[in-house]
Structure formats: C-alpha cells, structure tokens
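Colleague: Going by full-length UniProt numbering, the first residue of the sequence shown is number 1, and it counts up by one from there.
All C-beta atoms in this analysis are idealised placements derived from N, C-alpha and C, irrespective of residue type, glycine included.
Sharing a structure with you now.
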Amino acid sequence: MLPFILKHNYFKKRLTNQGKVQLLLLQISRSIHIKENEEYQYIERNKTPTMHFQPSLPRLPIPKLEDTCRRYLNAQRPLLSKEQLEKTTTYVNEFLTKDGIQLHKELIERDTKNRYTSYISEPWFDMYLRDRKPLPINYNPFLVLEPASNPEHNIQLVKATNLIVSSLRFMKSFKENVLRPEIFYLKSETARNNAFHIITRLLPPQLFAFPLDMSQYHNLFNTTRLPELGKDQIYENPTGKNIIVMRRGHFYSFNVIDENGYIYKPNEIASCLKFILEATISVNENPIGVLTTSDRNLWANTRIHLSQIGNQEILQNIDSAIFTMILDDVNIGTDYNKLIRTYLHADGTNRWFDKSFSLIVTKDGYAGINFEHSWGDGVAVLRFLKDIKNDITEQPKFCVDDIKYLQKGAAEIKKLNFVIDNKIQNIVNTQKKEFEEWTRELAVDHLIFNEFGKNECKKFGVSPDAIMQLAFQLALYYQKSCIVPTYESCSTAAFKHGRTETLRSCTIETKKACEVMAQNNKNLSKAELKKLIINCGETHNKLSKEAVMGQGFDRHLFALKKIWEHSNIPKPTIFADPAYDNINNNILSTSRYMIQDERLGAIITSYKTNCNVSEYVKCLEKAFTNIHSVMTYGK
1 MLPFILKHNY FKKRLTNQGK VQLLLLQISR SIHIKENEEY QYIERNKTPT MHFQPSLPRL
61 PIPKLEDTCR RYLNAQRPLL SKEQLEKTTT YVNEFLTKDG IQLHKELIER DTKNRYTSYI
121 SEPWFDMYLR DRKPLPINYN PFLVLEPASN PEHNIQLVKA TNLIVSSLRF MKSFKENVLR
181 PEIFYLKSET ARNNAFHIIT RLLPPQLFAF PLDMSQYHNL FNTTRLPELG KDQIYENPTG
241 KNIIVMRRGH FYSFNVIDEN GYIYKPNEIA SCLKFILEAT ISVNENPIGV LTTSDRNLWA
301 NTRIHLSQIG NQEILQNIDS AIFTMILDDV NIGTDYNKLI RTYLHADGTN RWFDKSFSLI
361 VTKDGYAGIN FEHSWGDGVA VLRFLKDIKN DITEQPKFCV DDIKYLQKGA AEIKKLNFVI
421 DNKIQNIVNT QKKEFEEWTR ELAVDHLIFN EFGKNECKKF GVSPDAIMQL AFQLALYYQK
481 SCIVPTYESC STAAFKHGRT ETLRSCTIET KKACEVMAQN NKNLSKAELK KLIINCGETH
541 NKLSKEAVMG QGFDRHLFAL KKIWEHSNIP KPTIFADPAY DNINNNILST SRYMIQDERL
601 GAIITSYKTN CNVSEYVKCL EKAFTNIHSV MTYGK
C-alpha cells in the first residue's frame, strides 16, 4: 500500500502544483490586463505632480507708474503727429503727478490683499464676461491639426474616436495630478527627459525656476460659459461623465466615463459615434446651436425662455458635458479658405460656441478645435492639443480594422430633442439669417510663404517673430500707406494667474523701415536697409522680454482705468484723450501665425468694408520677399 500512497501523494502534489501554476498564470494575466488598462487610462503618469510648482509661482509684478507712462508714450510716438504727441505727453505727465498716483496706490493695496492671485486676473475675467458681442469671430479662436500621413487615420470615425480617447486620457492625467507640469525649457529636448523629471520632483517647489501657471487647465473640461443679462458666468460641473456629439444640428449625449471613473473602451466610444454617423437624419430645421452665435443679452433672454418651456434638463446635460465633439459633413480637400471658415464660424447650426472647447472633425478627416476665450488665453488649449496630437499619432487606440467588430451603441445614446415653440422657432430663423449675413461680410484668406522660415531668420540675427511683425506692418503700408496700432498677444504664464500682456510691435523703428522700403528709397543701400531691419528686431526683442516679465503698459493702464470707473474722481485726461482710444483700436491684431523651420504663414481675416484681404495677402507676400532680399544681400 505504501507505493500507492506515495504515488497518490505524488499525483496530489502534482495536481496541486498545476493548480498553483494555473492560478499564477491567471494572476499574471489579470496583472497584465490591469497594467494595460492603467496605461490606457492616462496619457502619461509623470513623476512630478502636475501642480507641484503652482504654490511657489512668483506673483505678477505691477510695473512702476513712471515706467508704464514712459512705455505708453513710446508706443504712441509712431502713431501720432508732433502736435498730437505734445498733447498726449501733457496728459500723461498730468496723470503721472496727480490721478495716477492715487489709482496706482489703490491697485497696489488691492494686490497686497489678494496675494493668491494676480492684479489682472479678476478684471480680465470681468471684461470678457461683460462683453455683449457674439462669441464667434469676435472671441472664439480655432486651431487645426495637420492631417495624418496615413489616410486610414483620417477616416472621420477613426479620427473622432481617437481624439475623444486621447482627450479623456489627458483629462484623467490632469485630474489625478500626474500630467507633466507645464514648464518653460531653455532646451526643448529636456521636456521629454525622464531623468530630468525624476530629479525635479525631489526638489522643493521653491527652488525651481521655470514652471508656468496651470490655473486655467481645470476650465478645459466640464465647463460652459452661460449667457446672463449684463455679465455671463463660467459654469463648471466636474462630476459630468458625458460628452455632447453634434451632427447636422442635432445633439446626442453619451457617457464616456463609467461609475468608477474609468474611461470607456475605444470600441464602446466608436460604436456610439458610428451609430450617430449612420443615423438617417436630415439637417435640423430648428438648430438651437445657432443661438450661441447671437448677442449675449439676446441669447440670455432666449435661454431663459428655453428653460421655461421644458429644456432645462437638456441644457444642463450640455453645460455639464466634458466637451463637445462636432461631426461635420463638409469635405475640405485642399480649400484652405473653406477650412478657415469651417473652424472659425461655419453656419452656426452645428456648433455650441459657449462650450469651453469643441473638437471638430470633417467628413474627410480634418480635425481641429474652436474654444471659448473668457476662461483662458490659449496656453492650456495649446498644450492640450499638442499632447493629444502626439497621442493619436504615436499610439492611436482605434484603427480602421476595428470598425468591423463594433457592436451597436444606440442603447447608450440619448438624443437631445429640444422643445420648440413659435417664439423659439422665430428667433432661430432670425438668427440663422443674421449670422449668415454677418459671416458673408467677413473676408478670409491665407498665405504660406515657402522661401524662408525660422532657421534663416536666426541666421540673419533677427528673431522670426520680429520679421513677422515687420512684414504685417509693411504689407499694410504697401496697401494703404499708413501706420496703425498693432496688437501682439504675449503670455505672462510665468506668474501666478498670469494672463496676457500686449506687445506693441509698431515702433519708431518699424515705422521708419516701412516708410523707407515702401518708398523704395534709392538713397539707402541694401546694407543700410538691413541695419534698419536689425534695429526693428532689437527693439522687438526688448519689448518682448518686458512683456513676458509683466512689464508692458497695457494691462497696468487697464487695471488703473477699472479702478477709476468705480471711483468718484473725474475722468483722468489720459483716458479722455482720443489717442488712448485710438491705440486701443487695434487695426492689426496678431496672434498664432505660422513660424516653421522653412516657411512662414498667416491667416488673414477682415470685414470687407475695412480691407481688401486678397490684396493684403499679395502685399504680405511682397513684404516677405523684400525683407528676405534685403537680409540676404551680400551673402
């Protein structure tokens, strides 16, 4: 019997070991699944916490009053005649010795009491939210991604699915404090260096020099600008788990985050999108989205009525959504002016301009973003778009081969059908017509200049941005023989709750260069012309450095004027001066133009009554050509 017992124990032991192996394999399998799922949930899990540096950011400095007045006068010099400048100088000196002292003192006192923020943050929010002008064209910017090199990645369903997934992965990384902090790197290759981040996280926040403010990031998701009479408000519901998808003016809602906070699988999201794309629906005859193109007070009153007739729950669903995905039927092809109009305004019927941002994917797979501007200045949007672009390029979670395995997602989708009465129907019809007429008055065009770019500008010893700004001004001088107020936005994100500062790129130096180059002055050699352009660049660099450090004049004067508006003192002559209104009527408003290694470019928009845009584009091309000719002389 002993041999049997031994044999029996052997088999028992063997079976037990096999069970352990199977259990181990199951545990390994589950571990791999958990790891894969964790990796899927996050766009990154950085070693340095997202908000690691936020508490130690320096505060935005308030410039000295005398510096602001000096800079203001310098910006006025190229714009005013000798007589006008003398008057303005008198008003500025009066402000510097009288009213300005009191207003500046009060600004400093307020800033001292509110050390958790910046002196410009609250009045800047207030300015945006009080403005009653419609959001599209006036405020909402757009950015467009380059199409993928692989045509299969540009299929509308594939592109939209991957954009949604990557956006949610970005959101989850941010909300769980594992998104890489926004840091200004002197060397760009440091940005993705893991060793750098491991070392960085061990340092006390107070010791690191180059972090940027990330206070605007929380407004990216689950946020909407609500229209209200007199002043709008920014609404945020961080518990929202759904996104809104719009197609042909219809609204759909479905959850993309489960009850445990996990992102739905790509095929689940794609199934819902596929159902929407294949739905047999005509263009909505009463597209409520077009109401977001109207005057803010009109929209506020209309929205109140919408709520009263039974649409409160639908509006809440839209307001709380993580973001909006727009599925457009349009094909862009190579018509870039059509692309500009699609992402800037379209016809308004398949948009919800109040949402913090909307991702827009066309039928032929172009993808981009249109975002509401009051909550932030684009710093967060640029980072967000760059990260999701890299994610869908380097590790797309859904591909064309996955489409055939999709299950029907209709059960997960809510179609949001607004209750419409005669009043709403009439308002919608009127707004559709007015928006169409408005956008018809807007001219758009673009220029991509392939003769030189950033690399050659650096060889010239002039910053590419200075070249761009000179070219914009020179083009207008070619066209209209005038020097005008010019606005360039400059971020002050190096400071806590920094927003923007204005870089006044129209200077005495650019004025002289424009006049000489436009008049084709034969008395000046190419070498002398080159010196003029170099002088423009040096002044531009100085102004740029000052603006980045919060040492411009626009935001300071803006804050002082806001304090005056709530005081009992008479209007200071500096603000009553027509020159103050003139310099703030920016004829050339510039931002986010294209500077690449080997080419330069810009999108140009203007109302047809103000400027012939196509003619301006030709003048801009001429400006680039002539600047390049001067800078390459003798090489």
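Return the residue from the list Met631, Lys608, Ala602 and Tyr633 that minimises the CA-CA distance to Glu621.
Modeller: Residue mapping note: residue 621 aligns to position 621 of the sequence shown, counting from 1. When each option's Cα is compared against that of Glu621, the closest is Ala602.
Colleague: Which residue wins for smallest C-alpha separation from Lys542, given the options Val444, Ile155 and Val462?
Modeller: If you number the sequence shown from 1, residue 542 lands on position 542. It is Val462 whose Cα lies nearest to the Cα of Lys542.
Colleague: Whose CA, out of Tyr633, Leu135, Arg59 and Asp232, lies closest to the CA of Lys459?
Modeller: Sequence index remark: in the sequence shown, residue 459 carries index 459 (1-based). Lys459 has its Cα closest to that of Tyr633, out of Tyr633, Leu135, Arg59 and Asp232.
Colleague: Report yes if the CB atom of Asp377 is closer than 9 Å to the CB atom of Thr500, and no otherwise.
Modeller: On the sequence shown, position 377 is the one that residue 377 refers to. On the sequence shown, position 500 is the one that residue 500 refers to. The answer is yes: Cβ separation under 9 Å.
Colleague: The alpha helix (DSSP H) that contains Tyr72, what's its start and end?
Modeller: Translated into positions along the sequence shown, residue 72 becomes position 72. First-last of the alpha helix (DSSP H) with Tyr72: Leu65 to Gln76.
Colleague: Would you call the CB atoms of Thr280 and Arg351 closer than 9 Å?
Modeller: Taking the first residue of the sequence shown as position 1, residue 280 is located at position 280. Taking the first residue of the sequence shown as position 1, residue 351 is located at position 351. No, the Cβ-Cβ distance between Thr280 and Arg351 is not below 9 Å.
Colleague: Apart from the five residues on each side of it in sequence, which residues of its chain come closer than 6 Å, Cβ to Cβ, to Arg45?
Modeller: Working through the sequence shown from its first residue, we reach residue 45 at position 45. If we look at Arg45 and ignore the five residues flanking it on each side, its Cβ neighbours are Val178.
Colleague: I need the boundaries of the alpha helix (DSSP H) containing Tyr128, first residue and last residue.
Modeller: Here residue 128 refers to the residue found at position 128 when the sequence shown is read from its first residue. Note, Tyr128: alpha helix (DSSP H), Ser121 to Arg130.
Colleague: Can you pull the DSSP bridge partners for Gly240?
Modeller: What you label residue 240 is simply residue 240 of the sequence shown in a count that begins at 1. According to DSSP, which records beta bridges pairwise, Gly240 is partnered with nothing at all.
Colleague: Counting pairs of Cβ atoms below 8 Å between the stretch 60-79 and the stretch 87-99, do you hit three or more?
Modeller: The stretch 60-79 is in contact with the stretch 87-99.
Colleague: Classify Lys530 as buried or exposed, calling it buried when 16 or more other Cβ atoms lie within 10 Å of its own Cβ.
Modeller: Counting from one through the sequence shown, the residue named residue 530 turns up at place 530. Buried.
Colleague: List the whole-angstrom C-beta distance separating Leu385 from Ile369, where the pair is believed to meet the contact cut-off of C-beta under 8 Å.
Modeller: By 1-based counting over the sequence shown, the position of residue 385 is 385. By 1-based counting over the sequence shown, the position of residue 369 is 369. Correct: roughly 6 Å between the Cβ atoms.
Colleague: Where in the stretch 393-463 do unbroken runs of the alpha helix (DSSP H), each at least 4 residues long, occur, reported from the N-terminal end onward?
Modeller: Here the runs fully enclosed are 422-440 and 454-460.
Colleague: According to the Cβ coordinates, are Ile326 and Met246 closer than 9 Å?
Modeller: The residue given as residue 326 occupies position 326 in the sequence shown. The residue given as residue 246 occupies position 246 in the sequence shown. In this structure, Met246 lies closer than 9 Å to Ile326 by Cβ.
Colleague: Starting from the C-beta of Asn331, find all residues in its chain whose C-beta is less than 6 Å away, skip the five residues before and the five after it, and write them out in chain order.
Modeller: For this step, residue 331 is matched to residue 331 along the sequence shown. Result list for Asn331: Lys363 and Asp364, in chain order.
Colleague: How would you label residue 685, buried or exposed, when you count the other beta carbons within 10 angstroms and need 16 or more for buried?
Modeller: Residue coverage of the chain in this structure runs from 1 to 635, which leaves residue 685 outside it and unanswerable.
Colleague: Mind checking who Gly368 pairs with in its DSSP beta bridge?
Modeller: Locating residue 368 in the sequence shown gives position 368, where the first residue counts as 1. Bridge partners of Gly368: Val144 and Ile360.
Colleague: What three-state label does DSSP hand Phe254 in the structure shown?
Modeller: Here the question's residue 254 lines up with position 254 in the sequence shown. The answer is strand: DSSP assigns Phe254 an E or B state.
Colleague: Where do the ends of the beta strand (DSSP E) carrying Ala602 lie?
Modeller: Locating residue 602 in the sequence shown gives position 602, where the first residue counts as 1. Note, Ala602: beta strand (DSSP E), Leu600 to Tyr607.
Colleague: Between which residues of its own chain and Ile43 is the CB-CB distance below 8 Å, once the five residues before and five after are set aside?
Modeller: The count along the sequence shown starts at 1 and reaches residue 43 at position 43. Ser166, Arg169, Phe170, Lys172, Ser173, Leu179, Asp387, Ile388 and Asp391.
Colleague: Quick one: is Ala518 buried, meaning 16 or more other Cβ sit within 10 Å of its Cβ, or exposed?
Modeller: Looking up residue 518 in the sequence shown gives position 518. Its Cβ being crowded by 16 or more others within 10 Å, Ala518 is buried.
Colleague: Quick one: any contact between the stretch 333-343 and the stretch 131-138, if contact means 3 or more CB pairs under 8 Å?
Modeller: In short, these stretches do not touch, since the Cβ pair count stays below three.
Colleague: Cutting at 6 Å between CB atoms, please list the residues of its own chain near Val144, excluding the five before and the five after it.
Modeller: The count along the sequence shown starts at 1 and reaches residue 144 at position 144. For Val144, where only same-chain residues beyond five positions count, the Cβ hits under 6 Å are Tyr343 and Gly368.
Colleague: Output the distance between the C-alpha atoms of Lys526 and Val630, rounded to the nearest integer angstrom.
Modeller: In the sequence shown, residue 526 corresponds to position 526, counting from 1. In the sequence shown, residue 630 corresponds to position 630, counting from 1. Computed Cα separation, rounded: 6 Å.
Colleague: Whole angstroms is fine: what's the gap from Gln206's alpha carbon to Glu122's?
Modeller: In the sequence shown, counting from the first residue as 1, residue 206 sits at position 206. In the sequence shown, counting from the first residue as 1, residue 122 sits at position 122. Model confidence at Gln206 stands at a pLDDT of 47, short of 50, so the residue's coordinates are unreliable and nothing is read from them.
Colleague: Figure out for me which residue from Lys64, Ile533, Pro396 and Lys265 has the closest Cα to the Cα of Leu406.
Modeller: Here residue 406 refers to the residue found at position 406 when the sequence shown is read from its first residue. Residue Lys265 is the option with its Cα nearest to Leu406.
Colleague: Can you tell me whether Gln519 is helix, strand or coil according to DSSP?
Modeller: Counting from 1 along the sequence shown, the entry for residue 519 is found at position 519. Coil at Gln519, not helix or strand.
Colleague: Which same chain residues, not among the five before or five after Gln216, have their C-beta less than 8 Å away from its C-beta?
Modeller: Mapped onto the sequence shown, residue 216 falls at position 216. Within the same chain, Gln216 has close Cβ partners Trp375, Gly376, Asp377, Val379 and Ala380.
Colleague: Please classify Val290: is it buried, with 16 or more other beta-carbons within 10 angstroms of its beta-carbon, or exposed?
Modeller: The residue labelled residue 290 in the question sits at position 290 within the sequence shown. Buried.
Colleague: Are the stretch 269-279 and the stretch 307-321 touching, with three or more C-beta to C-beta distances below 8 Å?
Modeller: Taking 8 Å as the limit for Cβ pairs, the verdict is that the stretch 307-321 does not touch the stretch 269-279.
Colleague: Relative to the alpha-carbon of Leu600, which residue among Thr48, Pro485 and His628 has its alpha-carbon at the smallest distance?
Modeller: Residue mapping note: residue 600 aligns to position 600 of the sequence shown, counting from 1. Answer by Cα proximity: His628.
Colleague: Here's the rule: buried if 16 or more other CB atoms are within 10 angstroms of the residue's CB, otherwise exposed. What is residue 637?
Modeller: There is no way to answer for residue 637, as the model of the chain reaches only from 1 to 635.
Colleague: Only counting the same chain, and skipping five residues up and downstream in sequence, which positions put a Cβ closer than 8 Å to that of Tyr616?
Modeller: Looking up residue 616 in the sequence shown gives position 616. Cβ neighbours of Tyr616 beyond the five flanking positions: Asp445, Ala475, Leu476, Gln479, Ile604 and Ser606.
Colleague: Could you tell me the distance, in whole angstroms, from the CA atom of Gln469 to the CA atom of Pro63?
Modeller: Counting from one through the sequence shown, the residue named residue 469 turns up at place 469. Counting from one through the sequence shown, the residue named residue 63 turns up at place 63. If I take the Cα positions, the gap works out to 25 Å.
Colleague: Taking the Cβ atom as the reference point for each residue, do Lys355 and Glu372 lie within a distance shorter than 9 Å?
Modeller: The count along the sequence shown starts at 1 and reaches residue 355 at position 355. The count along the sequence shown starts at 1 and reaches residue 372 at position 372. Yes; because the gap between Cβ atoms is below 9 Å, this pair is in contact.
Colleague: Kindly indicate the opening and closing residues of the beta strand (DSSP E) around Ile326.
Modeller: For the purposes of this step, residue 326 is identified with residue 326 of the sequence shown, where counting begins at 1. Here the beta strand (DSSP E) through Ile326 covers Thr324 to Leu327.
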